[in-house]
Amino acid sequence: MSIRLGSSLVAASVNFKNSKILYSNRPRSCRFSVRSCVSDSHNAHKLVLEVKERLAKDCTSLPIGKNGRDDEEMILWFLKDRRFSVDEAIGKLTKAIKWRHEFKVNELSEDSVKPAADTGKAYVHGFLDVKGRPVVIVAPAKHIPGLLDPVEDEKLCVFLLEKALSKLPAGQDKILGIFDLRGFGSKNADLKFLTFLFDVFYYYYPSRLDEVLFVDAPFIFQPIWQFTKPVVKSYASLVKFCSAETVRKEYFTEETLPLHFRS
């Protein structure tokens, strides 16, 4: 579903350069506090085992193995995301495991996402940024809503996330997203896909996105961002508007700079 920008919407929007990133209210209460539950790795492991045992007892239909109900690394990640609340982690983890099975995440491959990947609209950069983060680069100007089945774009999105996460170096657990908005126009706007994208990050890959760069955003992007903020909620706080020059100087070295940021 594309966003059609009316003159009234554009007129009503404020200058995005002066707009402040909105922080949504995050849950302030949880069953366990980080201080009391994760004072040492032993306590954290106890919570992992509790989640694992409850899933084994109450969710026998969920798959096992990597990214399954017995994957202790995955369980720990969701516990961290839910501030070590066992009940909240189980709820979110159950939904994520079911989605992965239904979406057939483990079956995604270069060949299966080729139709969308060939557009060049998104890819995983071959180098880490200066902070050691894997980088997913998106070129929205190459995205035309309706040109492909929306499922093809969703499959590419998930495949690239999996690929980026597979490149995480030791000690790093989050990725950088770069939206190169040069050349972006109203024909490229796609609120439905943006909703899918942020649902994926919130429900299925929580706390994996460290920062999002909106590079050289044109004026036409301003009302779209104002329209999108309520959808992305707390992820708006991760967004930074910047120039291509900032990307060149602050995020990569001369050797690791993406090709289309070299000029």
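Note that full-length UniProt numbering numbers the sequence shown so that position 114 is 114, with each residue one more than the last. A virtual CB, placed ideally from N, CA and C, is assigned to each residue, including glycine. Quick caveat, the model's predicted, so the values are computed rather than measured.
Query raised in the report: Are V158 and V105 close, meaning C-beta to C-beta below 8 Å?
Result: Going by C-beta atoms, V158 is nearer than 8 Å to V105.
Query - Residues that C242 bridges to, as DSSP identifies them - result: Among the bridge pairs identified by DSSP, C242 is matched with V215.
Report task. Compare the Cα-Cα distances from Y235 to each of E255, D199, R262 and report the closest residue. Result -> Comparing Cα-Cα distances from Y235 to each of E255, D199, R262, the minimum goes to D199.
Query raised in the report: Where do the ends of the beta strand (DSSP E) carrying V130 lie?
Result: Per DSSP, V130 belongs to no beta strand (DSSP E) and is neither H nor E.
Query raised in the report: Between the C-alpha atoms of S85 and M74, what's the straight-line distance to the nearest angstrom?
Result: Each residue's alpha carbon lies about 15 Å from the other.
Query raised in the report: By how many angstroms is the C-alpha of K57 removed from the C-alpha of K131?
Result: Going from the Cα of K131 to the Cα of K57 covers about 41 Å.
Query raised in the report: Run through DSSP, which three-state label would G177 get?
Result: Three-state DSSP puts G177 in a strand.
Query raised in the report: For L49, is the classification buried or exposed, using 16 other Cβ atoms within 10 angstroms of its Cβ as the cut-off for buried?
Result: By the neighbour-count rule (16 or more Cβ atoms within 10 Å), L49 is not buried but exposed.
Requested in this report: Within the same chain, show all residues whose beta-carbon is closer than 8 Å to that of D123, passing over the 5 residues directly before and after it, in chain order.
Outcome: Residue identity check: residue 123 is Tyr in the sequence provided, not Asp. So the qualifying residues of the chain are A117, V136, I137, L160.
Query raised in the report: What span of residues does the beta strand (DSSP E) with V136 cover, start to end?
Result: Per DSSP, V136 belongs to the beta strand (DSSP E) from 135-138.
Query raised in the report: Which residues in the same chain have their Cβ closer than 8 Å to the Cβ of N67, if we skip the five residues on either side of it in sequence?
Result: Cβ within range, chain order: M74, I97, R100, V105, N106.
Requested in this report: Please say whether L108 and residue 264 have beta carbons closer to each other than 8 Å?
Outcome: Coverage of the chain is limited to positions 1 through 263, which leaves residue 264 absent and any answer about it impossible.
Query raised in the report: Among the residues of its own chain, which have a CB less than 8 Å from the CB of E255, if the five just before and after it don't count?
Result: Only F127 meet the Cβ criterion.
Query raised in the report: Which one of K167, E110, A139, K192 has the shortest CA to CA distance from D149?
Result: Checked all of K167, E110, A139, K192; the closest Cα to D149 is K192.
**Report entry** Own chain residues within Cβ distance below 6 Å of E88, not counting five before or after
**Finding:** A distance below 6 Å between beta-carbons, with the five flanking residues on each side excluded, links E88 to the following residues of its chain, in chain order: R82.
Query - Three-state secondary structure assigned by DSSP to A170 - result: Residue state, collapsed to three classes: coil.
**Report entry** Start and end residues, alpha helix (DSSP H) containing H101
**Finding:** For H101, the uninterrupted alpha helix (DSSP H) segment begins and ends at 86-103.
Query raised in the report: Would you report the Cα separation of D180 and F214, rounded to the nearest angstrom?
Result: About 6 Å.
Query raised in the report: Looking at C-alpha atoms only, which residue of K233, F221, S61, P63 is the closest neighbour of K187?
Result: Closest option to K187, Cα to Cα, is F221.
Query - Contacting residues, own chain, Cβ-Cβ under 6 Å from P63 (five flanking each side not counted) - result: Closer than 6 Å at the Cβ level, and outside the excluded window around P63, lie H101.
**Report entry** Continuous alpha helix (DSSP H) stretch holding F198: start and end
**Finding:** Per DSSP, F198 is one residue of the alpha helix (DSSP H) stretching across 191-199.
Query raised in the report: Distance, Cα to Cα, R69 vs L79?
Result: R69 and L79: Cα-Cα distance of roughly 13 Å.
**Report entry** For Y123, the three-state DSSP class (helix, strand or coil)
**Finding:** In the structure shown, Y123 falls within a strand segment according to DSSP collapsed to helix, strand and coil.
Query raised in the report: What number of angstroms, rounded off, separates the C-alpha of V190 from the C-alpha of A139?
Result: At residue 190 the sequence reads Asp, which differs from the Val that was named. Spanning the two alpha carbons is a distance of roughly 13 Å.
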